[in-house]
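Engineer: To start, I am sharing the structure in question, which I have written as structure tokens.
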Amino acid sequence: MKYCRRCCYPANHPLNIVFDDEGICSGCRIHEEKDLIEWSEQGNKLSGILNDYKCKTPEKWDCIIPVTGASDSYFIVDTIKNKFKMNPLLVSYNKHYNTELGIRNLAYLRTIFDCDIITKTVDPKIVKKITRATLNERGSIYWHILAGSTAFPVQIAVKFKIPLIIWGVHQGCDQVGMFSHLDEVEMTGKYRRDHDLIGLDEEYLLDGNYGIEDGDIEAFTYPHAKEIESVGVRGIYLSNYIRWDTKAQHEKMIDKYGYESGIAQRTIDNYNYVDCHHYTGLHDYIKFLKFGYGKITDNVNREIRFGRLSRNEGIDLIKSYQFIIPKEIHLFCEWLGITQSELFENIDQHRDSDIWTYNENNGWELLDSLDNHRNETIPFRGAEKNGCTFLKTSNRSDLASDKEYILIAKGYIN
Ligand SMILES: [Zn+2]
0 MKYCRRCCYP ANHPLNIVFD DEGICSGCRI HEEKDLIEWS EQGNKLSGIL
50 NDYKCKTPEK WDCIIPVTGA SDSYFIVDTI KNKFKMNPLL VSYNKHYNTE
100 LGIRNLAYLR TIFDCDIITK TVDPKIVKKI TRATLNERGS IYWHILAGST
150 AFPVQIAVKF KIPLIIWGVH QGCDQVGMFS HLDEVEMTGK YRRDHDLIGL
200 DEEYLLDGNY GIEDGDIEAF TYPHAKEIES VGVRGIYLSN YIRWDTKAQH
250 EKMIDKYGYE SGIAQRTIDN YNYVDCHHYT GLHDYIKFLK FGYGKITDNV
300 NREIRFGRLS RNEGIDLIKS YQFIIPKEIH LFCEWLGITQ SELFENIDQH
350 RDSDIWTYNE NNGWELLDSL DNHRNETIPF RGAEKNGCTF LKTSNRSDLA
400 SDKEYILIAK GYIN
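Taking numbering that gives the first Met the number 0, the leading residue of the sequence shown gets 0, the next gets one more, and so forth.
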């Protein structure tokens, strides 16, 4: 396997990665822009866009912000509402695998920022039917969340005729440098289908033998291009206009609003995924079983690029996290009504043969390891000592147990 000589990304990254003559990946190269771009100019551009959509009547919504109980939602709402004085409508797709901490972060988000919010909770029977299908088709337990959380905001934009949707980071740009920040790429149905949904269109599920009917995919269906056009809906990414540093942003939100951090099972980032039982657990373990790397690699690479970790420290962290077996596999299997062997049989069909091989005696084995590529490292910046420590906040109540998902819970009054 070829690995980037500055970060630790392998060539089989599913979002596609390219390497230059020095062996440095496109994600690292595009990240260099963060220190070269005149961010104040980008901020002015953002201000111009927002002004075009600001409503004259203050009680009307100017834009839509998709939110969760994690992942920079506080930062995005704080920026748009308090800095740029917009009146956003918040929309949230209920991911079903909710933790109590995530429910609480979302509840406080509503009251701290004084915004209207619309939540979509799909019938659990439908979510399970779809998850059985996507597990078989793509080895994914997360498809319904990726599809629902990228369709629902656009559905609401069309329905309420609110043409501007504001997203946080563009993953393709941030991880693999698919675009320059200066391209200012916007949301498209094509990117959603090809990358967010791993090429698995909601319509495709209708054709399989899963008993999925038209009504079942309504929540996961991206509006038709004609509907989008008639309202003029566009979705912008703040990471093209603000120098995006999710770690620093979360720390600001912890300090300012009491955002709660949690525990990530298989990675160092305690901030971004605390609302979900599985994102850094089973879902991430599946990613490792498919591609031979997990969220720890994504997070380490981000920290290397910011100069907060060296590549060698990153490789050590990857080695210590990537084999961790997640605690909550049983939760998912009980919820879906399958056995653990059925789960892993489904996943094994989707292992990438560029990095995994099956050996009759030992089972599945990795074909390569970052250890074999340590001496290829091109040193990058001086890594700050302890620069990449993630804070553990004191929590408003005890951390939730791992006994169950919380579909709907009480709110919290701030
Ligand atoms: Zn790289």
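All C-beta atoms in this analysis are idealised placements derived from N, C-alpha and C, irrespective of residue type, glycine included. The structure presented is a predicted model; accordingly, all values stated were derived computationally and were not measured.
Could you tell me the distance, in whole angstroms, from the CA atom of G26 to the CA atom of T56?
Structural biologist: As a first step, residue 26 must be located in the sequence shown, where it is residue number 27. As a first step, residue 56 must be located in the sequence shown, where it is residue number 57. When rounded, the distance between both Cα atoms is 42 Å.
Engineer: Let me make sure I understand the geometry here. Which of K286, F74, Y141 and I116 has the alpha-carbon closest to that of K128?
Structural biologist: Mapped onto the sequence shown, residue 128 falls at position 129. Per the Cα distances, Y141.
Engineer: Could you compute how far the alpha carbon of D215 sits from the alpha carbon of Q154?
Structural biologist: Numbered from 1 along the sequence shown, position 216 holds the residue referred to as residue 215. Numbered from 1 along the sequence shown, position 155 holds the residue referred to as residue 154. Cα to Cα, the separation comes out at about 15 Å.
Engineer: Run through the DSSP bridge pairs and tell me what I117 is partnered with.
Structural biologist: Working through the sequence shown from its first residue, we reach residue 117 at position 118. DSSP, once it has assigned bridges, lists V90 as partnering I117.
Engineer: Does the Cβ-Cβ distance between G176 and Y236 come in under 8 Å?
Structural biologist: As a position in the sequence shown, residue 176 is number 177, starting the count at 1. As a position in the sequence shown, residue 236 is number 237, starting the count at 1. Taking 8 Å as the Cβ cut-off, G176 and Y236 do not qualify as a contacting pair.
Engineer: Grab me the residues of T279's own chain with a C-beta within less than 6 Å of its C-beta, minus the 5 sequence neighbours each way, in chain order.
Structural biologist: Working through the sequence shown from its first residue, we reach residue 279 at position 280. Residues A263, Q264, R265, T266, Y272 and K294 of the same chain have their beta carbon placed closer than 6 Å to that of T279, with the five preceding and five following residues left out of the count.
Engineer: Collect the residues with a C-beta less than 6 Å away from any heavy atom of ligand 1 and give them in sequence order along the chain.
Structural biologist: C3, R5, C6, Y8, I23, C24, G26 and C27
Engineer: Inspect the beta-carbon positions of A132 and G42 and report whether they are closer than 8 Å.
Structural biologist: For the purposes of this step, residue 132 is identified with residue 133 of the sequence shown, where counting begins at 1. For the purposes of this step, residue 42 is identified with residue 43 of the sequence shown, where counting begins at 1. Not closer than 8 Å, so no.
Engineer: Which residues mark the beginning and the end of the alpha helix (DSSP H) in which N358 is found?
Structural biologist: Position 359 of the sequence shown holds residue 358. N358 -> not in any alpha helix (DSSP H); beta strand (DSSP E) instead, spanning W355 to N358.
Engineer: When DSSP builds the beta bridges, which residues end up paired with E364?
Structural biologist: Here residue 364 refers to the residue found at position 365 of the sequence shown. According to DSSP, which records beta bridges pairwise, E364 is partnered with T356.
Engineer: Who does G419 pair with in a DSSP beta bridge?
Structural biologist: This structure leaves residue 419 out entirely; the chain is present only between 0 and 413.
Engineer: Just verifying my parser: in three-state terms, what is the DSSP assignment at Y272?
Structural biologist: On the sequence shown, position 273 is the one that residue 272 refers to. Y272: coil per DSSP, three-state reduction.
Engineer: Looking at the strands, I want to know which residues DSSP matches up with Y96.
Structural biologist: The residue labelled residue 96 in the question sits at position 97 within the sequence shown. Its beta-bridge partners do not exist; DSSP assigns none.
Engineer: Count the other CB atoms within 10 Å of the CB of A150; is the residue buried (16 or more) or exposed (fewer)?
Structural biologist: As a first step, residue 150 is located in the sequence shown; it is residue number 151 there, counting from the start. By the neighbour-count rule (16 or more Cβ atoms within 10 Å), A150 is buried.
Engineer: Roughly how many whole angstroms lie between the Cα atoms of Q248 and H30?
Structural biologist: Taking the first residue of the sequence shown as 1, we reach residue 248 at position 249. Taking the first residue of the sequence shown as 1, we reach residue 30 at position 31. In a straight line, the C-alpha of Q248 is about 17 Å away from that of H30.
Engineer: Per DSSP, Y2 forms a beta bridge with which residues?
Structural biologist: Stepping through the sequence shown from its first residue, residue 2 is reached at position 3. According to DSSP, Y2 bridges with P9.
Engineer: When the Cα of A224 is compared with those of Q339, A156 and S393, which residue comes out closest?
Structural biologist: Numbered from 1 along the sequence shown, position 225 holds the residue referred to as residue 224. When only C-alpha atoms are compared, the closest one is A156.
Engineer: Using the rule of at least 16 other Cβ atoms within 10 Å of the residue's Cβ for burial, across every protein chain shown, is W363 buried or exposed?
Structural biologist: As a working note, residue 363 is residue 364 in the sequence shown. Exposed, since its Cβ has fewer than 16 Cβ neighbours within 10 Å.
Engineer: If contact is defined by three or more beta carbon pairs under 8 Å, each pair taking one atom from either stretch, is the segment 191-207 in contact with the segment 92-100?
Structural biologist: no
Engineer: Between which two residues does the beta strand (DSSP E) holding I63 run?
Structural biologist: Mapped onto the sequence shown, residue 63 falls at position 64. Run containing I63: C62 to P65, per the beta strand (DSSP E) assignment.
Engineer: Report the rounded CA-to-CA distance for I253 versus T110, giving the unit in angstroms.
Structural biologist: One-based indexing of the sequence shown puts residue 253 at position 254. One-based indexing of the sequence shown puts residue 110 at position 111. Rounded to whole angstroms, I253 to T110 spans 16 Å at the Cα level.
Engineer: Taking the Cβ atom as the reference point for each residue, do C387 and R307 lie within a distance shorter than 8 Å?
Structural biologist: Counted from its first residue, the sequence shown places residue 387 at position 388. Counted from its first residue, the sequence shown places residue 307 at position 308. Yes, the pair counts as a contact, with Cβ atoms nearer than the cut-off.
Engineer: Can you give me the C-alpha to C-alpha distance between N374 and E259, rounded to a whole angstrom?
Structural biologist: As a first step, residue 374 must be located in the sequence shown, where it is residue number 375. As a first step, residue 259 must be located in the sequence shown, where it is residue number 260. Each residue's Cα considered, the two are about 39 Å apart.
Engineer: Smallest Cα separation from H349: which of I63, L35, I197 and I102?
Structural biologist: Taking the sequence shown and counting its residues from 1, one reaches residue 349 at position 350. H349 has its Cα closest to that of I197, out of I63, L35, I197 and I102.
Engineer: Going straight from the alpha carbon of F331 to that of H180, what length do you get?
Structural biologist: Position 332 of the sequence shown, counted from the first residue, corresponds to residue 331. Position 181 of the sequence shown, counted from the first residue, corresponds to residue 180. Distance between the alpha carbons of F331 and H180: 37 Å.
Engineer: Grab me the residues of K160's own chain with a C-beta within less than 8 Å of its C-beta, minus the 5 sequence neighbours each way, in chain order.
Structural biologist: Taking the first residue of the sequence shown as position 1, residue 160 is located at position 161. The answer, listed in chain order, is V230.
Engineer: Pull up the DSSP beta-bridge partners for Q24, would you.
Structural biologist: By one-based count along the sequence shown, residue 24 stands at place 25. Here the sequence assigns Cys to residue 24, which means Gln is not the residue at that position. Bridge partners of C24: F18.
Engineer: Under 8 Å between the Cβ atoms of I63 and L88?
Structural biologist: Along the sequence shown, one-based indexing puts residue 63 at 64. Along the sequence shown, one-based indexing puts residue 88 at 89. It is a contact, given that the beta carbons lie within the stated cut-off.
Engineer: Does Y240 pass the burial test, meaning 16 or more other C-beta atoms within 10 Å, or should it be called exposed?
Structural biologist: Counting from one through the sequence shown, the residue named residue 240 turns up at place 241. Per the 10 Å Cβ criterion, buried.
Engineer: So, D282 versus E327, is the Cβ gap smaller than 8 Å?
Structural biologist: Along the sequence shown, one-based indexing puts residue 282 at 283. Along the sequence shown, one-based indexing puts residue 327 at 328. Note that residue 282 corresponds to His in the displayed sequence, not to Asp. Contact flag unset, no.
Engineer: Assuming N135 contacts N345 under a Cβ cut-off of 8 Å, what Cβ separation, rounded to an integer in Å, is found between them?
Structural biologist: The residue you call residue 135 lines up with position 136 of the sequence shown. The residue you call residue 345 lines up with position 346 of the sequence shown. Right, their Cβ atoms sit about 6 Å apart.
Engineer: What is the DSSP secondary structure of D206, counted as helix, strand or coil?
Structural biologist: Here residue 206 corresponds to residue number 207 of the sequence shown, with the count starting at 1. Three-state DSSP puts D206 in a helix.
Engineer: Quick check on this structure: which residue in L369, V299, Q321 and K402 has the alpha carbon closest to the alpha carbon of E333?
Structural biologist: Working through the sequence shown from its first residue, we reach residue 333 at position 334. Residue K402 is the option with its Cα nearest to E333.
Engineer: Using a 10 Å radius around the Cβ and a threshold of 16 neighbouring Cβ atoms, would you call S72 buried or exposed?
Structural biologist: Taking the sequence shown and counting its residues from 1, one reaches residue 72 at position 73. Buried, by the Cβ-count rule.
Engineer: For Q339, count neighbouring Cβ atoms within 10 angstroms of its own Cβ and tell me buried if that reaches 16, exposed if not.
Structural biologist: As a first step, residue 339 is located in the sequence shown; it is residue number 340 there, counting from the start. By the Cβ neighbour-count rule, Q339 is exposed, with fewer than 16 other Cβ atoms within 10 Å of its own.
Engineer: Kindly indicate the opening and closing residues of the alpha helix (DSSP H) around A156.
Structural biologist: Indexing the sequence shown from 1 puts residue 156 at position 157. Taken as a continuous stretch (DSSP letters only), the alpha helix (DSSP H) holding A156 covers W142 to K158.
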